[in-house]
Every structure is written in structure tokens, then in C-alpha cells.
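Below is one structure, written out as C-alpha cells; comments come after it.
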Amino acid sequence: MDNVKTPVAPLERDKVIVRTSVIGVLTNVALAGFKAAVGLLANSIAVLLDAVNNFSDALSSVITIIGAKLAGKAPTKKHPLGYGRIEYLSALIVSAIVLYAGVTSLVESIKKIISPEEADYSTLSLIIISVAVVVKLILGLYVRRRGKAVGSGALVASGSDALFDAILSTSVLACALVARFTGRSFEAYVGVLISCFIIRAGVGMMAETVADVLGQRTDADTAKKVKSILSSLPGVRGAYDLVLNNYGPNKDYGSVHLEVPDTMTAEEIDRLTRQAEAAVFSETGIILTGIGIYSYNTGNDEAAALRDKVKEIVLSHPFVLQMHGFYADEESKTMRFDAVIGFDTDRAEALSTLTKAVSDAFPDYTVLITPDVDVSD
């Protein structure tokens, strides 16, 4: 739980993203220009492809800036939860650009293998490529560190990509040195290797962004921290069914169920839910938009014993991950509870099996079971 950080203020976060991205744009444009010049003078496809990669990185940074600016717009009546998800759309565009650059580079490299041309590296060319490796290494470490500080996946990915570029540029440098001192050129093959890595990075970025758009399982540490905060509140015996909806970086809205004594009044529950909302927001930045209530039996030892017996029956089925929210009404002879069902089981069939098992064990009771989805840890 220690790695769950309090979000940076939105305005400050946007400034960091923009400032860091501008540094990335200027650096990558300069590197692309130098490498393109070296590639043309030395007739080197590997260096030219490295230049293309730097240019695509610069374009990616520009799109990241635009995405951050648009995502930072204030909520409107049409979009009351803000425009944060625009960052995911901009990330998709960036990944498409990277993928296109990789495919184009692969085609050009294959052409050079089929129709090879001799490269001629000067001492100046080697110096420029060496400097580019160092610059990319420094830039990558800086951008990734800033991205982690403000919780920006786009910056973290950009920084990691820059570090990977430093490795690729090192391979280009090695290829140039071999060609310079042995007269043997492997640059077209290195170009194929670079292209494959670029394509792999583009596919990975796209897959990760699509996962964000579709909605991913809540981070386990975050879920445990929120539930820990809620369970520590006076009168709360447990927190369950936590669902978080993300509307952009650091824009999380959620709902949860709290288990409280059946003796609590409406006024006490109202005070408790407001306290819960404030505590979770102050420590995690998550806004709880809905808090449901489970009541548990108090002053009734028979209900507690009944709960234990029912829980033993329910959890004996391997497809049940958890049981909670149990309440037994002795007057109406009803019992109700929730059962968390695994994803690899048919929910309707599982519900029917559980209802029959509990009803057979306690025929005097009407059994009401709510099947829950395993949405968070």
C-alpha cells in the first residue's frame, strides 16, 4: 500500500507534462536533424531510421501536449465528469504513429538488404551518434522520473521509449564502428532489428491504451488501501464491492458497500457515509459517488451461528470467492447475503447451485442471494 500516492494537483500536473514534453520535442527534433544529416552524408539506412524514430518521438510529445491541454478542460453540462479520457485517445494516436514508423522503417530496411549500398562513416558522424546515445539516456531517465512523479502513463512510456532508443542508437553506433574499421556493413540488418523493436513498442502502447479505454481491474494496492480506510471507521465491520471508474489520469470515481450494525439510525448512517467520502478523498483523491449499506445482526447469537454455517456451505463451492453482507430475519424467516462469483463460472448456474444448497440445509428459510462480480481485491 505504500506505493499508492496522493495525486498531484491537476494544474501542476498539466504544467509538468507540458514542460517535460516540450523538452522532449526540442531534444528529439535536434537529434532527428543531426542523425538525418549523418545518415544522408554516410548513406546509412540505420542512422536514417534512427532519425525517423526520433522524429516520431517528437511528434508523440506534441500530441501528448495537445492531449494534456484538452484533457485539462473544465467539466461542462455535456461532459460533467470532465475530459480526462482525451489523454487515452491521444495515446492511441501516438501508438499508431509509432507503429506506422516501425512498418515504414522495416520496408525500407528490407529494400536495402535486397539492394545494398555501401555506407561511409566519418569521425564526425561517429561523434554525433555517440552524443545522441548519451542525450537519449539522460532524456529518458528525466522524462520517466517526471512521469512517475505526476502519475502520467504517457510520460512514463515516453521516457522508457527514450531509454530504449539509447540502446538502439548504441547498436547503430556499433554497426558504424564495424563498417568503419572492417569495411563490412550490417546496417540494413540492424535497421530490420530496430524496425521490429519500434513495431513491438507501438503494438504494446496500443494494447495498453485500449485496456485503459475498456477499463481495467482496480489496482490491488489501491483497492486494499480504500477498503482499509473505510473498515477503520467507527461502526464499519467491512467494506465490499468496491468499483472504481476512471475518467482520465487521477480522475477516479467509485462506489462501495459498507457493513454496519442493524441498530444504526439514518442520521448515523448519513454522518458515517460523509465521513467515509472525506477520508477516502483526502488520502487517495478518489471520489466516492455512492455508498451502499449492508446491515449485520446485533444482539442475536443465533444469527451469528447461522451465518457461520451458511458461510461454510457457500465457500465449499470452489467458484465462490467471498461471502458478505449476511443478514437473517427471524420473524420473516429470510436470510440474505452476497456471493462473489469467479469469472470462469456461469453466474446463473452458480446462483442456482448455491440457492439450492443453502435452502436444502435450511428449509425453513427463504434464501436471497445476490451474485457479485469479482471487480476488486
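Using the working numbering, the first residue of the sequence shown is number 9, and each one after it goes up by one. Glycine included, each C-beta is placed from N, C-alpha and C at the ideal position.
C-alpha gap between Ser138 and Thr178, whole angstroms
Taking the first residue of the sequence shown as position 1, residue 138 is located at position 130. Taking the first residue of the sequence shown as position 1, residue 178 is located at position 170. Each residue's alpha carbon lies about 8 Å from the other.
Ile349 bridges to which residues according to DSSP?
-> If you number the sequence shown from 1, residue 349 lands on position 341. Within the DSSP bridge table, the entry for Ile349 names Val328, Val381 as partners.
Q.
Do Asp380 and Asp346 count as a contact pair if the criterion is CB distance below 9 Å?
A. Working through the sequence shown from its first residue, we reach residue 346 at position 338. Working through the sequence shown from its first residue, we reach residue 380 at position 372. Result yes, Cβ atoms of Asp346 and Asp380 sit closer than 9 Å.
| request: Check whether the Cβ atoms of Leu176 and Phe205 lie closer than 9 Å to each other. | output: Locating residue 176 in the sequence shown gives position 168, where the first residue counts as 1. Locating residue 205 in the sequence shown gives position 197, where the first residue counts as 1. For Leu176 and Phe205, yes; Cβs fall inside 9 Å.
Review point. Going straight from the alpha carbon of Thr281 to that of Ala358, what length do you get?
Key: For the purposes of this step, residue 281 is taken as the residue at position 273 of the sequence shown. For the purposes of this step, residue 358 is taken as the residue at position 350 of the sequence shown. Cα to Cα, Thr281 sits roughly 32 Å from Ala358.
- Query: Under the DSSP definition of a beta bridge, which residues are partnered with Asn254?
  - Reply: Against the sequence shown, residue 254 aligns to sequence position 246. DSSP output for Asn254 lists Asp260 as bridge partner(s).
Open item on the list: I'd like to know whether the C-beta atoms of Val102 and Ala66 end up nearer to each other than 9 Å.
Closed with: Taking the first residue of the sequence shown as position 1, residue 102 is located at position 94. Taking the first residue of the sequence shown as position 1, residue 66 is located at position 58. Ala66 sits away from Val102, with the two beta carbons spaced by 9 Å or more.
Fill in: Buried or exposed by the 16-neighbour rule on C-beta atoms within 10 Å, applied to Lys120
Walking along the sequence shown from the start, residue 120 turns up at place 112. Around the Cβ of Lys120, a 10 Å sphere holds 16 or more other Cβ atoms; the residue is buried.
(message) If contacts are defined as beta-carbon pairs under 8 Å, then Glu285 and Ile237 qualify, I think. What distance do you get, rounded to the angstrom?
(response) What you label residue 285 is simply residue 277 of the sequence shown in a count that begins at 1. What you label residue 237 is simply residue 229 of the sequence shown in a count that begins at 1. The beta-carbon distance between Glu285 and Ile237, rounded to whole angstroms, is 11 Å. This is too long to meet the 8 Å contact definition.
Nearest-angstrom beta carbon gap, Val318 and Phe334 [assumed within contact, 8 Å]: Working through the sequence shown from its first residue, we reach residue 334 at position 326. Working through the sequence shown from its first residue, we reach residue 318 at position 310. That pair is a contact at about 7 Å.
Using a Cβ-Cβ cut-off of 8 Å (strictly less than) and excluding sequence neighbours within five positions of Lys259, which residues of its own chain qualify? As a working note, residue 259 is residue 251 in the sequence shown. Contacts found: Leu89, Gly90, Gly92.
For the pair the segment 298 to 314 and the segment 323 to 340, tell me if three or more CB-CB distances fall below 8 Å. Touching, per the Cβ criterion.
Residue range of the alpha helix (DSSP H) that includes Gly307:
Position 299 of the sequence shown, counted from the start, is the residue given in the question as residue 307. Bounds of any alpha helix (DSSP H) do not take in Gly307, whose DSSP letter is neither H nor E.
* Mind reading off the beta-carbon distance from Ser29 to Ser69? Whole number of angstroms is fine, and I expect it under 8 Å. => Taking the first residue of the sequence shown as position 1, residue 29 is located at position 21. Taking the first residue of the sequence shown as position 1, residue 69 is located at position 61. Ser29 to Ser69, Cβ: 4 Å. Contact.
Review point. Is the beta carbon of Arg245 less than 9 Å from the beta carbon of Gly159?
Key: Mapped onto the sequence shown, residue 245 falls at position 237. Mapped onto the sequence shown, residue 159 falls at position 151. No, Cβ-Cβ distance for Arg245 and Gly159 is not below 9 Å.
message: Let's see if you can read the secondary structure: which residues bound the alpha helix (DSSP H) around Tyr373?
response: The sequence position of residue 373 within the sequence shown is 365, counting from 1. Unbroken run through Tyr373: none, as it is neither H nor E.
Going by other Cβ atoms of all chains shown within 10 Å of its Cβ, with 16 needed for buried, is Thr230 buried or exposed?
One-based indexing of the sequence shown puts residue 230 at position 222. With 16 or more other CB atoms across the displayed protein chains lying within 10 angstroms of its CB, Thr230 is buried.
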